[in-house]
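In UniProt numbering, the protein residues as written are 1 to 667. C-beta: ideal position from N, C-alpha, C; glycine also. Single-structure report; data block below.
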């Protein structure tokens, strides 16, 4: 027994289900939108933070440029620097230390080093760096460049040691053969030194080594992120890369040390360094996930030598997403509980009249009539109550009508019985037709026996008739009777041949032949039998049709019978004989269509034309088309006819492809 499910519960579920579906869809959409918005806004903030970091970087570079400008553009200072005066050298050394420069060097007009404030003892070598050459040409430059270990060594051994950074193995980084980064990234500015007449007499350049110099990245983090932390961890971070290596950073490793020497992923390296494009996206940095932004650092000659990075820890935003999602789930849960309570109350109110209807329906089922329920609402439930009242009133009328229907049913049974009797008679007629068909089959057997028996005396009569024709001259008075005997003997031989064919006594001799050649030969022969001057022949052959397999002689007889009948049907008025061939099915099957424009065949005769001994000709035997039908059927084919009286007749002979076990002989 199936468990009962009350209508009140169904109504409650029916009203709450759409609400739940809507809540579910809205919650999914809300979660997706919230998560997407939080992530996109975080990433957009990182993009903005990168702009701020770039400005801090440029400001530091501008500070160096202004310092070089202030020192080098004074003609007195220029002459004193070139002259090697002690007081100006002390000024340069003091300025380097006070302005936190790592390099402050003066060269003469040929590039020969006159004084290095960082290492006064190192002088006399020649400087050929790009920024020095530009300054000696009178062009002031400021930017970022990379110095080789040898170039750093000329500026001071301490700078070489500070620039040396051991590389740390990092997942997804590009492969490198070396294990240590020894080149130095310098923020540099170079100005020409000019005398009172404006002639360039030397150059002054100064700079800051960024390797292991975390002051700039810490300044960027402090300005951009203001020291914001999440559970004791800095939210923001900044890094300066030389190539793919972190040379200055405040990103920390798991042990709290700065991640100097770690490397950026190959994907970021290709886009930022090789393609000189920004890279903005979510990335795993050292040991945690960050929202990151990278920007290439371009040197004075337009080459990407490193990158500037800012990133925000993803954990605060993930925590915020979880908090928002929890609030949303709580709201959905409370709202669902309220919806279920309200739906249950409404379901109880709606189910009450339905329960009343159920009780009255049980009383009607026990035989009570004329029961009525009071209609109190104008909705579907009220319509149901009104329908129940109409039903109870209609039950009485229907019981009276059932008696009438019962009597009508008896009359129908009598009518069907009479129809069944007619069908029985039709079945008897069909059985009689089958019996006649069996008799025709027996007739074929008898016809075959009779034909065989007649052939022998018929041959004797034909032989004697030929002897008489040879013995009697043409003018003999009995010559006409002998000719009549000869003609009738020939007719009897033809009838015997048709009887044998009708009885199917000949086996099929399959061989390949060309249908088109057979049809053309038949048309040529018929021209000698009947006058065809008024008949025009149209050939519509399929030129791609190959040899067809079948009994050539028997099929020739079929085509001859039908073509001869078509020609005779158009005489004496004439007409058009149309012969059409086309391929049929796989193998070497074909369809031959013979169409004439003669008198046509009446519908009552069209059904009988393949019946043995049926003919409309005075001299016909009625076996030609029945024999043709049998030959085509023996070949596994089909023969169809369509005709319109006064328009013409069309015979369609369908011959299937036949695969011979032995190689066929081609006619």
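Chain D within 7 Å of residue i, Cβ atoms only
{"i": "residue 250", "result": "Of the protein chains in the structure, only one exists, and it is not chain D."}
Alpha-carbon to alpha-carbon, residue j and residue i
{"i": "residue 437", "j": "residue 587", "result": "Note that residue 437 scores 49 on pLDDT, short of 50, meaning its location in the model is unreliable; the coordinates nonetheless yield the value given after this. Residue 437 and residue 587: Cα-Cα distance of roughly 34 Å."}
{"i": "residue 525", "j": "residue 423", "result": "52 Å"}
{"i": "residue 584", "j": "residue 545", "result": "9 Å"}
{"i": "residue 73", "j": "residue 286", "result": "46 Å"}
{"i": "residue 244", "j": "residue 267", "result": "11 Å"}
{"i": "residue 18", "j": "residue 354", "result": "23 Å"}
{"i": "residue 122", "j": "residue 88", "result": "17 Å"}
{"i": "residue 142", "j": "residue 117", "result": "19 Å"}
{"i": "residue 404", "j": "residue 341", "result": "54 Å"}
{"i": "residue 505", "j": "residue 557", "result": "Residue placement at residue 505 is flagged as unreliable, the pLDDT there being 46, under the threshold of 50; the coordinate-derived value follows with that caveat. Looking at the two C-alpha atoms, the distance is approximately 15 Å."}
{"i": "residue 636", "j": "residue 539", "result": "26 Å"}
{"i": "residue 390", "j": "residue 400", "result": "16 Å"}
{"i": "residue 433", "j": "residue 629", "result": "Its pLDDT being 47, under 50, residue 433 is placed unreliably by the model, and the measurement read from it follows with that caveat. If I take the Cα positions, the gap works out to 20 Å."}
{"i": "residue 277", "j": "residue 293", "result": "11 Å"}
{"i": "residue 50", "j": "residue 296", "result": "11 Å"}
{"i": "residue 473", "j": "residue 488", "result": "20 Å"}
{"i": "residue 456", "j": "residue 469", "result": "20 Å"}
{"i": "residue 358", "j": "residue 383", "result": "15 Å"}
{"i": "residue 663", "j": "residue 598", "result": "Low local confidence applies: a pLDDT of 43 at residue 663 is under 50, so the model's placement there is unreliable, with the coordinate-based value given in what follows. Answer to the nearest angstrom: the Cα atoms are 42 Å apart."}
{"i": "residue 273", "j": "residue 289", "result": "22 Å"}
{"i": "residue 428", "j": "residue 411", "result": "26 Å"}
{"i": "residue 196", "j": "residue 213", "result": "38 Å"}
{"i": "residue 509", "j": "residue 515", "result": "16 Å"}
{"i": "residue 573", "j": "residue 535", "result": "9 Å"}
{"i": "residue 492", "j": "residue 527", "result": "25 Å"}
{"i": "residue 90", "j": "residue 150", "result": "26 Å"}
{"i": "residue 531", "j": "residue 566", "result": "13 Å"}
{"i": "residue 241", "j": "residue 77", "result": "36 Å"}
{"i": "residue 334", "j": "residue 344", "result": "16 Å"}
{"i": "residue 291", "j": "residue 37", "result": "14 Å"}
{"i": "residue 270", "j": "residue 304", "result": "11 Å"}
Closest Cα partner of residue i within the set the options
{"i": "residue 82", "options": "108, 579, 65", "result": "108"}
{"i": "residue 656", "options": "317, 550, 580", "result": "550"}
{"i": "residue 533", "options": "575, 614, 480", "result": "575"}
{"i": "residue 211", "options": "183, 628, 37", "result": "183"}
{"i": "residue 642", "options": "47, 607, 558, 363", "result": "607"}
{"i": "residue 218", "options": "626, 309, 323, 402", "result": "309"}
{"i": "residue 79", "options": "215, 50, 517, 199", "result": "199"}
{"i": "residue 626", "options": "590, 648, 554", "result": "554"}
{"i": "residue 39", "options": "163, 280, 463, 536", "result": "280"}
{"i": "residue 512", "options": "162, 41, 547", "result": "547"}
{"i": "residue 316", "options": "336, 232, 385, 103", "result": "232"}
{"i": "residue 119", "options": "648, 129, 94, 140", "result": "94"}
{"i": "residue 669", "options": "165, 192, 124", "result": "The structure shown does not extend to residue 669, since the chain is modelled only from 1 to 667, so the question has no answer here."}
{"i": "residue 570", "options": "589, 543, 648", "result": "648"}
{"i": "residue 299", "options": "185, 168, 97, 543", "result": "185"}
{"i": "residue 114", "options": "92, 615, 131", "result": "92"}
Cβ-Cβ separation, residue j to residue i (assumed contact under 8 Å), whole Å
{"i": "residue 696", "j": "residue 563", "result": "Outside the shown range of the chain (1 to 667) lies residue 696, about which nothing can therefore be said."}
{"i": "residue 53", "j": "residue 238", "result": "6 Å"}
{"i": "residue 188", "j": "residue 207", "result": "4 Å"}
{"i": "residue 162", "j": "residue 209", "result": "6 Å"}
Beta-bridge pairing of residue i - partner residues as DSSP gives them
{"i": "residue 184", "result": "147"}
{"i": "residue 651", "result": "594, 641"}
{"i": "residue 291", "result": "282, 312"}
{"i": "residue 208", "result": "187"}
{"i": "residue 242", "result": "245, 306"}
{"i": "residue 91", "result": "In the DSSP output, where bridge partners are listed per residue, residue 91 has none listed."}
{"i": "residue 296", "result": "307"}
{"i": "residue 229", "result": "234"}
{"i": "residue 218", "result": "According to DSSP, which records beta bridges pairwise, residue 218 is partnered with nothing at all."}
{"i": "residue 115", "result": "106"}
{"i": "residue 579", "result": "539, 594"}
{"i": "residue 513", "result": "548"}
{"i": "residue 200", "result": "194"}
{"i": "residue 265", "result": "173"}
{"i": "residue 141", "result": "190"}
Proximity test, residue i beta-carbon vs the ligand GDP heavy atom, cut-off 6 Å
{"i": "residue 101", "result": "Of the ligands one can find in the structure shown there are none, so the ligand GDP has no counterpart to examine."}
Exercise for review: Evaluate contact between the region 131 to 149 and the region 187 to 207, counting only Cβ atoms and requiring at least three cross-stretch pairs below 8 Å.
Suggested key: A contact between stretches requires three or more CB pairs, one per stretch, nearer than 8 Å, and the region 131 to 149 meets this requirement with the region 187 to 207.
**Study point:** Three or more C-beta pairs below 8 Å linking the region 590 to 604 and the region 640 to 652
**Key:** Yes, the region 590 to 604 touches the region 640 to 652.
Review point. Should the region 554 to 563 be called in touch with the region 598 to 607, which here means at least 3 C-beta pairs below 8 Å?
Key: As far as the Cβ criterion goes, the region 554 to 563 does not touch the region 598 to 607, which means the pair count is below three.
Exercise for review: Evaluate contact between the region 95 to 110 and the region 217 to 236, counting only Cβ atoms and requiring at least three cross-stretch pairs below 8 Å.
Suggested key: The region 95 to 110, when compared against the region 217 to 236, does not touch it at the 8 Å Cβ threshold.
Point to revise | contact_flag[the region 295 to 309, the region 317 to 324] where n(CB pairs < 8 Å) is 3 or more | key: The answer is no - the region 317 to 324 does not touch the region 295 to 309, with fewer than three Cβ pairs under 8 Å.
Review point. Taking three-plus beta-carbon pairs below 8 Å as touching, is the region 251 to 269 in contact with the region 166 to 180?
Key: For the pair of segments examined, the region 251 to 269 was found to touch the region 166 to 180: the number of CB pairs separated by less than 8 Å reaches three.
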